[in-house]
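Written out below as structure tokens is the structure these notes cover.
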Amino acid sequence: MVRKVWMKATLPPEQAETDILPVSGDTETSAVARVLLRKRLSFKQARNTALVTLALGLVLSTAQITIDLLDMERQSDQLVRQVLSIMREAAAESAYSFDQALADRVVTGLFEYKPIYRAVILEDFGNQLAARERPQAEGQLKWLAEMLLPVEKTYSIPLVIERHNQNVGELRVSIDRFLIAQEFFRRSGVVLSTGIIWTVALALILVVMFYSTLTKPFLRMSSAIAEINPLRPADKLLSVPMRHEDDELGLLAKTINEVLVQFDHSLVERVRAEQALRERETRLSGIMDNVADGIITLDEDLRIETMNSAAEALFGYANGEAVGQPFVTLIEERDWTRVAVALMACLRRAEEEQRPDNRAEIQGRRRQGEVFAMAFGVSQMRLGDRRTAICVVQDITQRKRAEQALRESEERLKLAVRATRSGVFDNSYTKSTYWWSPEFIEMLGYDAVDAMYANKLFDGLLHPDDKDMAQNQIERYLNGEVGDYLSLYRLRHRDGSWVWIEARGQAIRDETGRPLRFTGTMTDVSDRKRFEEQLMYVSTHDPLTGLPNRTLVQDRLQHALAHAGRKDTTVAVLLLDVDRFKLVNDSLGHQAGDKLLRALAQRLGSCVRAADTVGRLGADEFLIVAEDLPDPQMAACVAETILVSLSRPFGIDGQQLFVTTSIGISLFPGDGADFHALMRDADTAMHNAKASGGNGYRFFTPEMNEAAVARLSLEHSLREALEQGQFFLHYQPKIAMADMQAVGVEALIRWQHPEIGMIPPGKFIPVAEETGLIVPLGEWVMRAALAQIQDWRSRGFAPIPVAVNVSVRQIATPMFGERVFALCQEYGVPPELLEIEITETAMMSNLAYIADTLNEIRGRGIRIAIDDFGTGYSSLSYLRRLPITTLKVDRSFVNEAPTNADTGAIAATIIAMGRQLGLKVVAEGIETEEQLEFLRQHHCDELQGYFFSRPLPPGDLEARFLQPTGVLEVAG
Numbered sequence: 001m002v003r004k005v006w007m008k009a010t011l012p013p014e015q016a017e018t019d020i021l022p023v024s025g026d027t028e029t030s031a032v033a034r035v036l037l038r039k040r041l042s043f044k045q046a047r048n049t050a051l052v053t054l055a056l057g058l059v060l061s062t063a064q065i066t067i068d069l070l071d072m073e074r075q076s077d078q079l080v081r082q083v084l085s086i087m088r089e090a091a092a093e094s095a096y097s098f099d100q101a102l103a104d105r106v107v108t109g110l111f112e113y114k115p116i117y118r119a120v121i122l123e124d125f126g127n128q129l130a131a132r133e134r135p136q137a138e139g140q141l142k143w144l145a146e147m148l149l150p151v152e153k154t155y156s157i158p159l160v161i162e163r164h165n166q167n168v169g170e171l172r173v174s175i176d177r178f179l180i181a182q183e184f185f186r187r188s189g190v191v192l193s194t195g196i197i198w199t200v201a202l203a204l205i206l207v208v209m210f211y212s213t214l215t216k217p218f219l220r221m222s223s224a225i226a227e228i229n230p231l232r233p234a235d236k237l238l239s240v241p242m243r244h245e246d247d248e249l250g251l252l253a254k255t256i257n258e259v260l261v262q263f264d265h266s267l268v269e270r271v272r273a274e275q276a277l278r279e280r281e282t283r284l285s286g287i288m289d290n291v292a293d294g295i296i297t298l299d300e301d302l303r304i305e306t307m308n309s310a311a312e313a314l315f316g317y318a319n320g321e322a323v324g325q326p327f328v329t330l331i332e333e334r335d336w337t338r339v340a341v342a343l344m345a346c347l348r349r350a351e352e353e354q355r356p357d358n359r360a361e362i363q364g365r366r367r368q369g370e371v372f373a374m375a376f377g378v379s380q381m382r383l384g385d386r387r388t389a390i391c392v393v394q395d396i397t398q399r400k401r402a403e404q405a406l407r408e409s410e411e412r413l414k415l416a417v418r419a420t421r422s423g424v425f426d427n428s429y430t431k432s433t434y435w436w437s438p439e440f441i442e443m444l445g446y447d448a449v450d451a452m453y454a455n456k457l458f459d460g461l462l463h464p465d466d467k468d469m470a471q472n473q474i475e476r477y478l479n480g481e482v483g484d485y486l487s488l489y490r491l492r493h494r495d496g497s498w499v500w501i502e503a504r505g506q507a508i509r510d511e512t513g514r515p516l517r518f519t520g521t522m523t524d525v526s527d528r529k530r531f532e533e534q535l536m537y538v539s540t541h542d543p544l545t546g547l548p549n550r551t552l553v554q555d556r557l558q559h560a561l562a563h564a565g566r567k568d569t570t571v572a573v574l575l576l577d578v579d580r581f582k583l584v585n586d587s588l589g590h591q592a593g594d595k596l597l598r599a600l601a602q603r604l605g606s607c608v609r610a611a612d613t614v615g616r617l618g619a620d621e622f623l624i625v626a627e628d629l630p631d632p633q634m635a636a637c638v639a640e641t642i643l644v645s646l647s648r649p650f651g652i653d654g655q656q657l658f659v660t661t662s663i664g665i666s667l668f669p670g671d672g673a674d675f676h677a678l679m680r681d682a683d684t685a686m687h688n689a690k691a692s693g694g695n696g697y698r699f700f701t702p703e704m705n706e707a708a709v710a711r712l713s714l715e716h717s718l719r720e721a722l723e724q725g726q727f728f729l730h731y732q733p734k735i736a737m738a739d740m741q742a743v744g745v746e747a748l749i750r751w752q753h754p755e756i757g758m759i760p761p762g763k764f765i766p767v768a769e770e771t772g773l774i775v776p777l778g779e780w781v782m783r784a785a786l787a788q789i790q791d792w793r794s795r796g797f798a799p800i801p802v803a804v805n806v807s808v809r810q811i812a813t814p815m816f817g818e819r820v821f822a823l824c825q826e827y828g829v830p831p832e833l834l835e836i837e838i839t840e841t842a843m844m845s846n847l848a849y850i851a852d853t854l855n856e857i858r859g860r861g862i863r864i865a866i867d868d869f870g871t872g873y874s875s876l877s878y879l880r881r882l883p884i885t886t887l888k889v890d891r892s893f894v895n896e897a898p899t900n901a902d903t904g905a906i907a908a909t910i911i912a913m914g915r916q917l918g919l920k921v922v923a924e925g926i927e928t929e930e931q932l933e934f935l936r937q938h939h940c941d942e943l944q945g946y947f948f949s950r951p952l953p954p955g956d957l958e959a960r961f962l963q964p965t966g967v968l969e970v971a972g
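Set out below in structure tokens:
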């Protein structure tokens, strides 16, 4: 039965309503003092309230004092001016008549006003007519008065004879404001003293109030809680007086009661759990004592905590004698380190990392000192925050003895087998007998009883392809033509399979060298041969597709060429390169790309004859060797078959992919006589097919070779041009539609070859792209353009942005964005004066690589333009996602816009789309007035083309389009 008590029930009846402490009457004040000294809750609440009140009082008092100070100053000023006004007429008469006596009386009269300590009457010429001065007042608070306001203030009024309207002099007085401030200080002191007294009184009242309403109830509650029986907490709960039922104290008491009830329930459950645990421990102890293996538990210091009966019997202990001893006392000394490391490693592992440890075999030591063989295993058990190692031990002395006996028996058997040297053969030519050991007979799948028949069938068991070779090697050895006998051949197994045999032997000869006996071993090396064949396959086949690799294709082509030379037939080499395969990897991932390559390999295999070879050279390049073609045009049929087959979609990861390929064809004997020549010519033809748009094939022609040679020469010249500075820049202006003024220029590279002359960009830029020279060439253009911008700024021309065309290969180089920004800083050019142009097609083909770089470039203030817009993907999604600032309409749309309705609609749509997206739209290739008018009607922002100007050298551009600012700018 739960019994409730009041919070005040713990006090004597005479104190129940007054105080929790055993005091009454006259001791109430001392109790309050002790509470204050102890800094109880009532004191803290009163202190905080008093501090807030004091702070508020100080603020209000300060405000009132400030108002009084301003009012005092105003009244003083008003009073002085009244006095001066009264004395003004008499002072004017004295100055007018030069009456010094009257002037002295006026000054004496002014001194009746105590704050005035200096008075002077000046006549019209500035001479003193009368003057008087007395010392200024002194006092302890004068320093404070000087801080609040100037102690001295001078007033001056002109002296005028109104009847003559004549200024006859000046009256000056100086007042000692400290005399006025003394009254202000007195009033301020009264205000501050009153505020402090009120605050102290309030604090005392609050202490008493908070003590009676907070501290006393809490002390009573604390005393009641202290009397609760911790083993039966629910027997004596707190009871809440009526006056506290609805306040925080009542809520606290109810909460404490709930906690006590819950704690009481928890104690009951704990007692039950402990009883159940003791029962489980008793059962577990009984189980452990009946386990045959020894079980030992160790603490984290590797000391023994428990041992079951089996462990005690094993080590010679009884009744827990070993508890507390180091575990290593049970281990032979040579195994101490090994066991300690294993135990510590087990204890350190996290619980989720636990795994059963393999049983180790070590040497144990019994209490009497006897050493024995012991199997030892360890695992970890966690009990709360404590980890325990559980060791399972077993006496394996008898097993070790049996194992030793078995090893000795096996050793004797191995010696006997070693004497036979695998399968053994022994041929006696003097007795005409042939013997094979039973092991060799069994190697071929026959029973021992079959040996007498198997040795007679040796010739019949030999593989047909090996028969001549094997017999020839035996004959040559027996005839003395070779010094050692070693042969490798295949014998038929009883199940029909072939077994690779490596035979070694030695002949016993007479004095003439004639063989008398031939003895040796025969070993099954089928596994080794399979491994060698596997290695050969791996070294000659592509691991992804399983097709022959370059090495095997070259070998087969050489055999095909030799065969074709003998038969006077044609061999065709078809080199295939998948068009835009990189886009598949970038968009779908390399796994999808690998699946596509495997599917391509299978489809290519279905397009050729069984005698032809389909190989993969690497990446997305495949090679087909078509042998024994009666007509060279058959190669075209093969190529067309491939193109038709690849036109069907590939199903990759639930998507339909359409793939095209570029094929180059070279022929033997017309185009080359060896692998390298035919590959070179096929590669040239393939690049020609790819340059023509892809998805087609080209036969190699001498003209292609000439073009390839010319291309190599051009590549060499490009490298020299970079080293020798043969490049320069021209600039084509961009014209604003609004005022037809130049608002930007595009930097265009030019190449003046010392021998050939001017080489157009369309000829050398593609070569630079393919060879990678576009990267250093692009940096040269960037440096030259930035240097030109800074030159124009330093010579006082108005800042004008310069657009530089950038290759995707440049953008894909590491830290490209940081490099461009560093160049801007190097040349002192603001980033907003540089614009990067990249073609739409190039950007979309490498979007995954360059998106982050473009965002970095734009983030540094450099503008980004999409060149030739409309010729590529024209996707709205990338226009929204990429930090593009400018859209350049391709010249193909501008040229036909006025005359072709469809083209005009496309151009108008591009302009409108760019403006809607907040992009600046630039039209390229304007050459006629009609094109200009069309663009004006559709509100194109900027214009560029021969209609305004061809690309110009810097000097011509300056003369025609640049505007001077009159201010020279120098890089910082």
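Numbering (UniProt numbering), first residue to last: 1 to 972. Note that beta-carbon positions come from the ideal geometry of N, C-alpha and C, so glycine has one too.
- Between V806 and I836, the gap from beta carbon to beta carbon is short of 7 Å.
- Counting only residues of its own chain and dropping the five nearest sequence neighbours on each side, V553 has a CB closer than 7 Å to the CB of T613, G615, L623 and V625.
- Note on geometry: alpha-carbon atoms of F440 and G605 lie some 44 Å from one another.
- Here the alpha carbons of E269 and L237 stand approximately 20 Å from one another.
- A straight-line Cα-Cα distance of about 21 Å links Q633 and Q558.
- The beta carbon of Q394 lies closer than 6 Å to those of D293 and A375 in the same chain, with the five residues before and after it left out.
- Beta-bridge partners assigned by DSSP to T213: none are found.
- Minimum Cα-Cα distance from I228 among the listed residues E411, V259 and A201 corresponds to V259.
- Between Q166 and A130 the beta-carbon gap is near 20 Å, outside 8 Å, which marks them as no contact.
- When T551, E532, R530 and F531 are compared, the shortest CA-CA separation from T540 is found for T551.
- Contact between L79 and V173 fails: their C-beta atoms lie close to 12 Å from each other, not under 8 Å.
- When the beta-carbon positions are compared, T545 and L597 come within less than 7 Å of each other.
- Per DSSP, reduced to three states, the secondary structure at C824 is helical.
- Following the DSSP letters along the chain, one finds D426 inside the beta strand (DSSP E) bounded by residues G423 to S428.
- Q655 is bridged by DSSP to I652.
- Taking C-beta separations shorter than 6 Å and ignoring five residues to either side along the sequence, the partners of R750 in its chain run F728 and H730, following chain order.
- A direct Cα-Cα distance of roughly 26 Å separates D510 from F458.
- One Cα belongs to A803, the other to E958, and the distance between them is close to 16 Å.
- Assignment of R915 by DSSP, reduced to helix, strand and coil, places it in the helix class.
- 7 Å or more divides the Cβ of T813 from the Cβ of V781.
- It is roughly 16 Å from the alpha-carbon of R74 to the alpha-carbon of I116.
- Three or more beta-carbon pairs separated by less than 8 Å link the stretch 330-348 to the stretch 361-373, which places the two stretches in contact.
- Taking the CA atoms as reference points, D484 sits about 10 Å from I474.
- The residue among D631, N695, D671 and H676 with its C-alpha nearest the C-alpha of E703 is D671.
- In the DSSP annotation of this structure, I756 is not part of any alpha helix (DSSP H), being labelled neither H nor E.
- Residue pairing by DSSP places F622 opposite L576 and R616 in a beta bridge.
- For F518, the uninterrupted beta strand (DSSP E) segment begins and ends at P515 to D524.
- Per DSSP, S794 lies in no beta strand (DSSP E) segment; the continuous alpha helix (DSSP H) that holds it begins and ends at I774 to S794.
- Around the beta carbon of D653, fewer than 16 other beta carbons lie within 10 angstroms, which makes this residue exposed.
- Where L678 is concerned, the enclosing alpha helix (DSSP H) starts and stops at F675 to A691.
- Here L629 is buried: its Cβ has 16 or more other Cβ atoms, across all protein chains shown, within 10 Å.
- Of all alpha-carbon atoms in P233, G250, P230 and E769, the one lying nearest the alpha-carbon of S239 is that of G250.
- Counted as a single uninterrupted DSSP element, the beta strand (DSSP E) harbouring T661 occupies residues T661 to F668.
- Ranked by Cα distance from T337, the first of I508, S76, L302 and L267 is L302.
- In the three-state scheme derived from DSSP, where H, G and I count as helix and E and B as strand, A851 is classed as helix.
- Within the DSSP bridge table, the entry for I116 names I175 as partners.
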